[in-house]
Each structure stands twice: as structure tokens, then as C-alpha cells.
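Here the UniProt record's numbering is used: position 35 in the sequence shown is 35, and no number is missing along the way.
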Amino acid sequence: MATMTAAQKRAQPKAEYDAFLAACPSRKLLDRISDKWVTLILCALGSGDADGAGEPRSMRYSELARRLAGVSQKMLTQTLRSLERDGLLTRTVTPTVPVTVSYELTELGLSLHRMIRGVKSWAEMHTDDVLDNRATCDARTA
């Protein structure tokens, strides 16, 4: 029986994650990162301009709220807290009057942003195709 180093022992459970298994913890992570508000927050923080091509930058809470049309204050707060807890963004409080709170992606958050940005772009590019396919399918089944 071969012995394992401490690093190998730590890496072994990671290699065993399989999202197809019901008990795999990666399922909960997939559930969280596939949320629309998570996706939009990561995209907003990961690109400073409207078309998503800018450099990652920090944003104030109020700026995020304006950028994410339709998000409630409660949902934005809950989502930002969960992303901070997961280590995907950092929250910085600056003692000014009033207090300034800003959010910025961590390295882990930036790595996810790169993936999510492609999904967001795909959705924007192919929405008309999907809507046309839905209408065609619905007409056949009606």
C-alpha cells in the first residue's frame, strides 16, 4: 500500500467531486452560481462598462443596484453576502459620511466571471432563436 503526502490527501476529495451524484457538495455550488443575480453581479463587477468588455473594478452598492434593473434591495444584499461568504468578492467599508461600501471580485471570483461572461453573452446572442423555437414548438402542440 502506497503512502500519501498531506497534499495528496487534501487533493483526493476534490478529485472525487461528481455533480452527477446526489450527495456531492458541488451541486449546491452549481445551484448558487447559476442564479441570475449571481451571474449579473459577477458580470457587472468583472467588467466596468455596459458592453462587458471593460476591466474588472470595484463598485459601490448603489451603483450595482442601478446597474441591475429589477433587483430588490433585499435580494441584492443577500446575494452580495453569499458571494462574500463564498470568497468570490470582497466588501470594503470606508468610514466616510455617509459610509461608503464597495465590492470587488477576488481572484476566485474573477475566474468564475470569465466563465459566466460567456454564458451571459450566449444568452444575449441567442434569445431570439430560443424564443422562435419555443413559439414553433408551442404551435405544434396546440
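No residue lacks a Cβ here, since even glycine has one placed at the ideal position from N, Cα and C. Just so we're clear, the structure is a prediction, and the values are computed from it rather than from any experiment.
Name the two residues that bound the continuous beta strand (DSSP E) containing residue i.
i	result
R91	89-94
From the DSSP output, which residues share a beta bridge with residue i?
i	result
residue 191	Not covered by the structure: residue 191. The range shown for the chain is 1 to 142.
Look at the alpha carbon of residue i and the alpha carbon of residue j, and state the distance between them as a whole number of angstroms.
i	j	result
A7	E16	15 Å
K28	L21	12 Å
L42	A23	27 Å
V101	K36	23 Å
D129	E55	30 Å
Y103	Y61	7 Å
Q78	T39	14 Å
T106	S26	20 Å
Over what stretch of residues does the alpha helix (DSSP H) that includes residue i continue unbroken?
i	result
C43	36-46
S86	The sequence shown places Asp at residue 86, rather than the Ser named in the question. Careful: D86 lies outside any alpha helix (DSSP H) and carries neither H nor E.
L30	26-33
Count the other CB atoms, across all protein chains shown, that sit within 10 Å of the CB of residue i; report buried if there are 16 or more and exposed otherwise.
i	result
A44	buried
L131	exposed
G109	buried
M59	buried
L30	exposed
H126	exposed
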